[in-house]
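Structure record follows, encoded as structure tokens.
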């Protein structure tokens, strides 16, 4: 029978046990646009790239 010389952490044990489970992506709703998107991801809405309610890129503006 296996006899460990030292105890492994609970975190390490849990990581080993969770690799077979399917992961469901988390969906967030942008407070400004009302669009649904993945957490921690920017998304396009009407020609603008939004992340956390802020406009990162505005492709509708004319470049001079």
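Residue numbers (my numbering): -17 to 46. The beta carbon of each residue, even a glycine, is placed where N, CA and C say it ideally should be.
One thing to note: residue 12 has its Cβ within 9 Å of the Cβ of residue 25. Taken atom to atom, the span from the alpha-carbon of residue -2 to that of residue 28 is near 43 Å. Burial check for residue 21: the Cβ neighbour count within 10 Å stays below 16, so the residue is exposed. The beta-carbon separation of residue 14 and residue 33, rounded to 11 Å, does not stay under the 8 Å limit for a contact. As the crow flies, the alpha-carbon of residue 43 is around 49 Å from that of residue -4.
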